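Residue numbers (full-length UniProt numbering): 1 to 224. All residues carry an ideal CB built from backbone N, CA and C; glycine is no exception. All of these numbers come straight from a predicted model, not from anything done at the bench. Take a look at the structure set out below.
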């Protein structure tokens, strides 16, 4: 009887399957979560593109420059959130900024606005932007942190301002003189849109932590 028991292999498949099930479940759920994260990342890209496209078509940069305090892109920021559906909006931060180019790799932040929303987008909360806007056109010295780096491949030579004394306009933070062009008073314009989404897998035991998905897009204004 003992010999028959040792030679009996009728339950081997069930035992092997029991060993394989956890691995198969992990592979399946992990694959689904990874696919969901890729789809979410694509949504973030499309939403960012929609945000910058809307603003660049409808808001004049010169109007914002002359009165930054009156500029409001709340409706455009909220509209971009619709593109993120069906992902929860309370995990997203939307931001739009107006930049004025001061050299081939830097720009002055004229104005910036950021917000978050609740899950369904019915409540909007203004939040701090990760950029610092300057105080032009007020005639006072500007802060160095109002100048930010931008991709050099976005800039053409005609967009870069020149100063009479040949100095880099990005460093001319004080009110201009006859030999200097003050930063932010000349140069081409760029709108910069940025959306960050904190993606968390639906299945909690998947070894994928909360991952911030961020996309930034620059566009030249179509309206002046």
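*Same chain, Cβ closer than 8 angstroms to residue 121, five either side skipped, listed in chain order*: Within the chain shown, residue 121 is the residue found at index 121, counting from 1. These residues qualify, in order along the chain: 78, 81, 82, 89.
*Pick out whichever of 35, 222, 144, 44 has its Cα sitting closest to the Cα of residue 194.*
Your numbering for residue 194 matches position 194 in the chain shown. That would be 44, whose Cα lies nearest to the Cα of residue 194.
*Taking DSSP as the reference, what is the three-state secondary structure of residue 42?*
As a first step, residue 42 must be located in the chain shown, where it is residue number 42. Helix.
*Determine the DSSP secondary structure at residue 84, reduced to helix, strand or coil.*
Here residue 84 refers to the residue found at position 84 when the chain shown is read from its first residue. Looking at residue 84 - three-state DSSP - the assignment turns out to be coil, as it is neither helix nor strand.
*Beta-ladder partner(s) of residue 148, from DSSP*: Start at 1 with the first residue of the chain shown, and residue 148 comes out as number 148. Looking at the DSSP assignment, residue 148 forms a beta bridge with 107.
*Should the stretch 165-177 be called in touch with the stretch 133-142, which here means at least 3 C-beta pairs below 8 angstroms?*
yes
*asked:* For the structure I just gave you, are there three or more beta carbon pairs, one from the stretch 19-31 and one from the stretch 145-163, closer than 8 angstroms?
replied: no
*Please state whether DSSP places residue 197 in a helix, a strand or coil.*
To locate residue 197, count along the chain shown from 1; it is residue 197. Note: residue 197 maps to strand in three-state DSSP.
_Beta-carbon proximity list for residue 200, same chain, < 7 angstroms, skipping 5 on both sides_ = Sequence index remark: in the chain shown, residue 200 carries index 200 (1-based). Closer than 7 angstroms at Cβ, skipping near neighbours: 210.
_Using 9 angstroms as the threshold, is the C-beta distance between residue 95 and residue 129 below it?_
Residue 95 sits at position 95 when you count from the first residue of the chain shown. Residue 129 sits at position 129 when you count from the first residue of the chain shown. Going by C-beta atoms, residue 95 is nearer than 9 angstroms to residue 129.
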